[in-house]
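Comments concern the structure below.
There are 2 protein chains.
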Amino acid sequence: MNTRVAGLRPGGRSARVQAAVHLAVHDLTEQHGRAALTVPLIAARAGVTPSTIYRRWGDLADLLADVAVEHMRPETDPADTGGFASDLFTWAEQYFEEMTSEVGLGMLRDVLSATPGVTPRTCQCSAFNAAQIAVMVDRGIARGEAVPEVDAVMDGVVAPIVYRALFAAVPPTRDDVRRFVDRVMASATTR
Amino acid sequence: MNTRVAGLRPGGRSARVQAAVHLAVHDLTEQHGRAALTVPLIAARAGVTPSTIYRRWGDLADLLADVAVEHMRPETDPADTGGFASDLFTWAEQYFEEMTSEVGLGMLRDVLSATPGVTPRTCQCSAFNAAQIAVMVDRGIARGEAVPEVDAVMDGVVAPIVYRALFAAVPPTRDDVRRFVDRVMASATTR
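Right, here's the structure in full:
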């Protein structure tokens with residue numbers, strides 16, 4: 001449904017509007033910070049009318065959530081480092097760095113605050129992670145390695161990174177990530 | 001700093017105003033739903049002026065976050081069921097039921113959306129949980145039982161419940177909670 005700013009499908013006016021608006025949000029956030037964003041400001045920068053934005057996205061919160069989800073969409077498969085445990089640690093470390101950065105935290109909040117309840121959008125963030133983990137698990141199985149279940153990695157690695165990023169007084173550290181990965185590797189089995 | 005609606009300290013006008021406003025939020029949410037809340041509506045119900053609310057809380061999001069944190073504050077120690085593993089499962093099951101309910105999800109979102117970044121308020125939610133878990137762990141140690149670290153319970157039980165409640169397409173189930181508890185019990189040691 002959404003077009004990525006970086007991977008715009010050529011053609012359709014709708015796709016071009018979407019890309020221009022996403023890009024405007026991105027640029028304005030970088031220049032003025034997220035708190036300064038308004039629909040009229042974004043519209044002016046994207047060269048569309050505010051009503052175009054309201055028609056397509058409803059309100060600013062919804063637009064910001066849409067941009068955040070697109071930003072979270074992985075652009076490539078996780079790096080192949082030659083072994084499952086190091087693939088997972090490398091991926092988890094990168095995910096942790098992103099989610100504990102100001103930008104990453106802002107995205108998590110944008111996605112959560114747009115609409116009440118669990119939405120297709122919040123689920124999409126979770127599905128992106130599950131898909132990345134599944135790629136690593138499949139690669140591990142193909143190598144004949146012992147691997148954990150995708151759900152076990154979601155619960156044991158992704159969940160504590162996000163929970164600590166959102167709620168903990170002290171943000172998670174690289175050592176925490178290492179411990180999460182080690183703990184989930186203890187449940188790995190050959191399939 | 002905050003006064004609980006249910007446990008109002010007698011005396012101080014400030015405490016009475018806080019209790020009245022919290023109670024108004026609670027009653028109006030129940031009657032009209034959260035989306036209908038406005039500062040003037042809450043002020044009228046609480047018998048204070050809107051400017052009293054703005055002066056003390058800044059804005060509606062901040063007030064709702066304050067109410068949510070107070071609601072999350074545990075009223076009693078976790079039930080003593082005679083053994084650590086069943087104490088933890090009983091507590092986790094109750095926490096899971098609360099956090100996956102519409103009210104619980106609304107509270108999580110209220111706390112997260114009030115102010116950007118990790119705040120004393122988001123940390124307080126996490127500290128409430130850690131304190132409840134510490135009570136169970138200490139009780140287990142006193143009984144001579146093998147117990148996990150408090151942090152391991154936060155990462156292995158609380159985090160996946162909250163992450164799934166906020167992001168997963170399918171909410172966590174009682175069986176998931178059981179599995180989270182079993183997994184963390186595997187790391188228990190006698191101290």
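Protein chains in written order, with UniProt numbering: chain A, 1 to 191; chain B, 1 to 191.
C-beta atoms are modelled at their ideal positions from N, C-alpha and C, and glycine is treated no differently.
Cβ distance (whole Å) where B/Val181 is taken to contact B/Ala44 below 8 Å: B/Val181 to B/Ala44, Cβ: 46 Å. No contact.
Proximity test, Cβ basis, 9 Å: B/Tyr163 and chain A: yes
Proximal residues of chain A, C-beta to C-beta of B/Val158 below 8 Å: Tyr163
Span separating the alpha-carbon of B/Val184 from that of B/Ser14: 44 Å
Extent of the continuous alpha helix (DSSP H) to which B/Glu75 belongs: It is not in any alpha helix (DSSP H) - B/Glu75 carries neither H nor E in the DSSP assignment.
Contact list for B/Thr122 against chain A, beta-carbon separation under 8 Å: Leu166 and Phe167
Every unbroken beta strand (DSSP E) inside the stretch 11-86 of chain B [3 residues or more]: none
Cβ neighbour criterion (16 or more within 10 Å) applied to A/Gly7: Bear in mind that the predicted position of A/Gly7 carries a pLDDT of just 44, short of 50, making it too unreliable to give a figure here.
Outcome for A/Glu70 when other beta-carbon atoms lying within 10 angstroms are tallied against a minimum of 16: buried
Under 9 Å by beta carbon: chain B residues contacting A/Arg143: Those do not exist, as A/Arg143 stays about 25 Å from chain B at its closest Cβ, beyond 9 Å.
Spatial neighbours of A/Pro74 in its chain, beta-carbon cut-off 7 Å, leaving aside the 5 residues before and after: Phe128 and Gln132
B/Val184 in three-state terms, based on DSSP: helix
Chain A contact residues for B/Phe180, given Cβ-Cβ distances below 8 Å: Asp155
Minimum Cβ-Cβ distance from A/Arg109 to chain B less than 9 Å: yes
N-terminal and C-terminal residue of the alpha helix (DSSP H) that B/Glu102 is part of: Glu102 to Ser113
Whole-Å CB distance - B/Thr100 paired with B/Pro160, under 8 Å assumed: With a Cβ gap of about 12 Å, B/Thr100 and B/Pro160 do not count as contacting.
Best match in B/Glu98, B/Ala92 and B/Ala142 for proximity to B/Met72 [C-alpha to C-alpha]: B/Glu98
Beta-carbon gap between A/Pro148 and A/Ser187 smaller than 9 Å: yes
Beta carbon proximity, B/Asp62 to chain A, threshold 9 Å: no
Beta-carbon proximity list for B/Leu63, same chain, < 6 Å, skipping 5 on both sides: Trp57
Burial state of A/Thr49 (16 or more Cβ within 10 Å): exposed
Coil, strand or helix - A/Val153 by DSSP: helix
Contact check, B/Leu105 vs B/Ala165, beta carbons under 9 Å: yes
DSSP state of B/Thr173 mapped onto helix, strand, coil: coil
A/Arg191: first and last residue of the uninterrupted alpha helix (DSSP H) it sits in: A/Arg191 -> no alpha helix (DSSP H), and no H or E assigned at all.
Sub-9 Å separation of A/Asp155 and B/Gly144 beta-carbons: no
Three-state secondary structure assigned by DSSP to B/Ala168: coil
Beta carbon of B/Phe96 nearer than 9 Å to that of B/Arg174: yes
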